[in-house]
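In UniProt numbering, the protein residues as written are 1 to 67.
Just so it is clear, CB atoms sit at the ideal spot from N, CA and C, and this is done for glycine as well.
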Amino acid sequence: MIEMPELKKACSICGREYPHSEFTYGNRENRSYCKQCNREEKAAYRRGGVEEASKYRDKKRLTWKKA
Numbered sequence: 001m002i003e004m005p006e007l008k009k010a011c012s013i014c015g016r017e018y019p020h021s022e023f024t025y026g027n028r029e030n031r032s033y034c035k036q037c038n039r040e041e042k043a044a045y046r047r048g049g050v051e052e053a054s055k056y057r058d059k060k061r062l063t064w065k066k067a
């Protein structure tokens, strides 16, 4: 049996590479956010709506780009 290497994908928010199993897949969305960033972004949205979620994504992306 041939072993296939595990495919990885980079999160567009934190920039880390994860296996495909670490990404959510909803009914109509195929997000490029890892599960952890997806949870945090949804929590930010619940706290303050669209503006808060947007601030969260921008802040995380800045830390990723600095690294």
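Quiz item: How far does the alpha helix (DSSP H) with LYS25 in it reach, from first residue to last?
Solution: A quick correction: the sequence has Tyr, not Lys, at residue 25. Careful: TYR25 lies outside any alpha helix (DSSP H) and carries neither H nor E.
Practice problem: Return the CA-CA distance between MET4 and GLY15, expressed in angstroms with no decimal places. | Solution: 24 angstroms
Practice problem: Round the Cβ separation of TYR56 and GLU41 to the nearest angstrom and send it over; I've been treating them as touching at under 8 angstroms. | Solution: 6 angstroms between Cβ atoms; contact.
Exercise. Return helix, strand or coil for TYR18, following the three-state DSSP convention.
Key: strand
Quiz item: Going straight from the alpha carbon of GLU51 to that of ILE2, what length do you get?
Solution: So the alpha carbons of these two residues sit roughly 48 angstroms apart.
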